[in-house]
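Note sheet for the following structure.
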Amino acid sequence: MNSATKPRVPLRWTIQTQLPVAYEIVETPDLLDPANPELLSLPGGGTSTETRLVVLDHSVSDLYGERIRAYFDANRVPVAYLAMPGDERSKSIGNVLDVVAKLNEVGTNRLSSPPIVIGGGVLADVVGLAASLYRRGIPYIRVPTTLLGQVDVSVAAKTGINFGGYRNRLGSYSPPPRTLIDRGFLATVPHRQIRNGMGEIFKMALIKDLRLFELVEEYGADLIAARFQDGEATGPLPAGVADEVIGRAIAGMAEELQPNLWEKDLRRSVDYGHSFSPLVEMRALPELLHGEAVAMDCVFSAVLAAQRGLIDGADLDRITAAAVGLGLSPSHPLFCDVDLLTEALADTVRHRDGRQNLPVLTRIGAVCFLNDLTVAEIASAADHMGRLLDAARPATAGSRG
Ligand SMILES: NC(=O)c1ccc[n+]([C@@H]2O[C@H](COP(=O)([O-])OP(=O)(O)OC[C@H]3O[C@@H](n4cnc5c(N)ncnc54)[C@H](O)[C@@H]3O)[C@@H](O)[C@H]2O)c1
Ligand SMILES: [Zn+2]
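For the sequence shown, our numbering gives the first residue as 454, with consecutive numbering after it.
Structure below.
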């Protein structure tokens with residue numbers, strides 16, 4: 454063959470690099486005490502004199518706005534405030550763009566004046582996504598103020614908004630370099646929202662921590678009543694229980710996330726309780742909170758495990774009773790809807806790149822993964838969920854029919 458007609462070897466360049474990632478979660482009491490420097494400390498040390506954007510959840514603004522302003526005033530840090538609602542429907546692209554517009558208005562520096570988000574998981578996800586898009590990514594500081602935010606979102610590297618009827622359909626992996634936790638914020642969180650956070654603690658206990666499960670069984674209701682606060686109102690709560698429960702939940706999450714932060718391995722035990730619930734939660738909006746739907750999925754997945762003989766009936770009853778003890782309903786009409794549950798699993802399979810990778814319990818504190826769950830098994834578990842629903846109804850309300 455003539456050399457002029459020889460096919461040319463393609464030229465190829467490969468860029469290979471590594472991205473070291475480190476972010477810290479700091480538990481600090483009295484975060485809003487002007488003498489506490491944590492809120493002003495920048496990642497890597499030092500402070501900033503530039504204007505900071507502080508995004509506040511509406512409720513946080515109402516309840517803590519004055520103290521937050523006093524904190525920054527006392528420390529002579531100029532601040533621009535933006536308040537946003539913190540409900541699931543606020544996880545929208547519109548709210549992300551509002552944050553971006555405010556960053557422009559404030560003139561936030563690329564690195565040295567990171568915005569601060571103070572609120573629940575919704576606001577953390579919205580502001581986190583805005584920060585990850587702004588100038589292709591700037592750091593931000595996260596202050597979770599709900600139980601769910603403190604035990605779950607606090608460790609997460611992910612941001613996200615809902616889109617097209619699906620949860621977290623748009624998002625990014627962009628952990629804030631600093632997350633600050635002050636349990637004192639929980640004192641004003643409504644009891645239903647505390648129970649909601651308990652849903653994620655319940656999940657963590659089930660997948661890897663029998664001691665945490667026992668603590669939740671014994672003290673869960675008291676912790677909710679006391680909103681995880683110390684003091685006289687805590688009644689039967691021994692000292693240290695609130696710290697131990699929050700600490701074990703955070704440590705468990707950190708241990709699970711660290712080796713698989715970018716989710717290259719789609720067999721994730723922390724996905725327990727998150728296989729069927731995402732679609733159920735979206736279809737039930739605004740009725741169900743995230744942690745409430747997760748707790749139901751935890752029970753549903755335990756039913757699947759019991760049907761296969763992976764756990765025994767006594768464990769299933771214990772798990773169901775623990776959810777009820779936390780004031781979390783173990784079932785819901787949508788968890789009896791076989792078509793919806795099958796559709797939910799189909800979307801989860803796409804999310805897990807074509808495999809079910811369904812975490813199910815082998816005992817309280819351990820999971821294995823299934824890839825061969827059938828519609829018949831879903832139908833039989835849905836039937837069980839129907840019986841749980843009937844059992845929870847007052848006798849006069851009649852049966853599900
Ligand atoms: N990024 C992640 O990996 C990750 C992990 C878990 C959950 N999430 C997301 O977190 C969201 C749920 O978070 P959430 O449960 O914190 O809900 P949320 O942000 O909606 O907050 C719940 C309610 O509590 C109010 N609130 C917040 N702090 C308060 C306080 N200190 N006192 C009184 N009221 C207060 C809010 O205004 C809101 O009405 C979901 O959208 C979920 O997808 C994200
Ligand atoms: Zn969750």
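Where is the CB? At the ideal position from N, CA and C, for every residue including glycine.
Ignore the nearest five residues each way along the sequence and tell me which others in residue i's own chain have a CB closer than 6 angstroms to its CB.
i, result
"Pro531", "Thr504"
"Ile660", "Ser722, Tyr725 and Val820"
"Val596", "Ile571 and Leu633"
"Ala610", "Tyr626, Pro628 and Leu714"
"Val698", "Leu668"
Mapping the DSSP letters down to three states, classify residue i as helix, strand or coil.
i, result
"Thr815", "strand"
"Leu719", "coil"
"Leu841", "helix"
"Glu796", "helix"
"Gly590", "coil"
"Glu480", "strand"
"Lys661", "helix"
"Gly673", "helix"
"Tyr903", "An answer regarding residue 903 cannot be provided, because it is not within the stretch 454 to 854 covered by the chain."
"Arg595", "strand"
"Lys459", "coil"
"Val508", "strand"
"Tyr534", "strand"
"Leu787", "helix"
"Val474", "coil"
"Phe666", "helix"
"Gly624", "strand"
"Gly854", "Confidence is the limiting factor: at Gly854 the pLDDT is only 37, short of 50, which leaves the residue's position unreliable, though a coordinate-based value still follows. Gly854 falls in the coil class under three-state DSSP."
"Val513", "helix"
"Val575", "helix"
"Leu738", "coil"
Would residue i pass as a contact of residue j if the rule is Cβ separation under 7 angstroms?
i, j, result
"Ser784", "Met838", "yes"
"Asp578", "Lys555", "no"
"Met657", "Gly705", "yes"
"Arg648", "Leu506", "no"
"Val508", "Val580", "yes"
"Gly637", "Gly602", "no"
"Ala583", "Val549", "yes"
"Ser501", "Ser566", "yes"
"Ala702", "Val604", "yes"
"Thr801", "Ser728", "yes"
"Val791", "Ala832", "yes"
"Leu576", "Gly539", "yes"
"Leu639", "Leu600", "yes"
Within its chain, find whatever has a CB closer than 8 angstroms to the CB of residue i; leave out the 5 residues flanking it on each side and keep chain order.
i, result
"Leu793", "Leu732, Val733, Arg736 and Leu787"
"Arg588", "Arg563"
"Gly497", "Pro630"
Just to confirm, does residue i get its C-beta within under 6 angstroms of one of the non-hydrogen atoms of ligand 3?
i, result
"His785", "Here the bound small molecules are ligand 1 and ligand 2; ligand 3 is not part of this structure."
Looking only at its own chain, which residues have a Cβ that is under 7 angstroms from the Cβ of residue i, when we skip the five neighbours before and after it?
i, result
"Val559", "Thr504, Leu506 and Ala533"
"Leu663", "Ile817 and Gly818"
"Leu769", "Ala755, Val756 and Ala759"
On the premise that residue j lies in contact with residue i, defined as a C-beta separation below 8 angstroms, what is that separation, rounded to the nearest angstrom?
i, j, result
"Phe655", "Val669", "6 angstroms"
"Glu830", "Gln760", "6 angstroms"
"Gly592", "Pro629", "It is worth fixing the name first, because residue 592 is Pro in this sequence and not Gly. So it is a contact: roughly 6 angstroms between Cβ atoms."
"Ala612", "Ser627", "Note that residue 612 corresponds to Thr in the displayed sequence, not to Ala. Confirmed, about 6 angstroms."
"Glu653", "Gly744", "5 angstroms"
"Leu719", "Arg645", "Contact doesn't hold; Cβ gap of about 32 angstroms is too wide."
"Ala748", "Ala776", "5 angstroms"
"Ala835", "Cys789", "5 angstroms"
"Ser607", "Ile478", "5 angstroms"
"Ile569", "Ile594", "4 angstroms"
"Thr598", "Asp510", "7 angstroms"
"Leu738", "Glu541", "6 angstroms"
"Asp750", "Ser782", "Incorrect: roughly 12 angstroms between the Cβ atoms, too far for contact."
"Asn824", "Arg808", "6 angstroms"
Review point. Any contact of the stretch 454 to 474 with the stretch 514 to 522, i.e. 3+ C-beta pairs under 8 angstroms?
Key: no
Check your understanding: Using 8 angstroms as the Cβ pair cut-off and three pairs as the minimum, do the stretch 617 to 636 and the stretch 665 to 674 touch?
Key -> no
Point to revise | Any 3 or more C-beta pairs closer than 8 angstroms across the stretch 764 to 771 and the stretch 807 to 820 | key: With a cut-off of 8 angstroms, the stretch 807 to 820 and the stretch 764 to 771 count as touching, because enough Cβ pairs lie within range.
Point to revise | Meets three-Cβ-pair contact criterion under 8 angstroms: the stretch 488 to 496 and the stretch 458 to 470 | key: no
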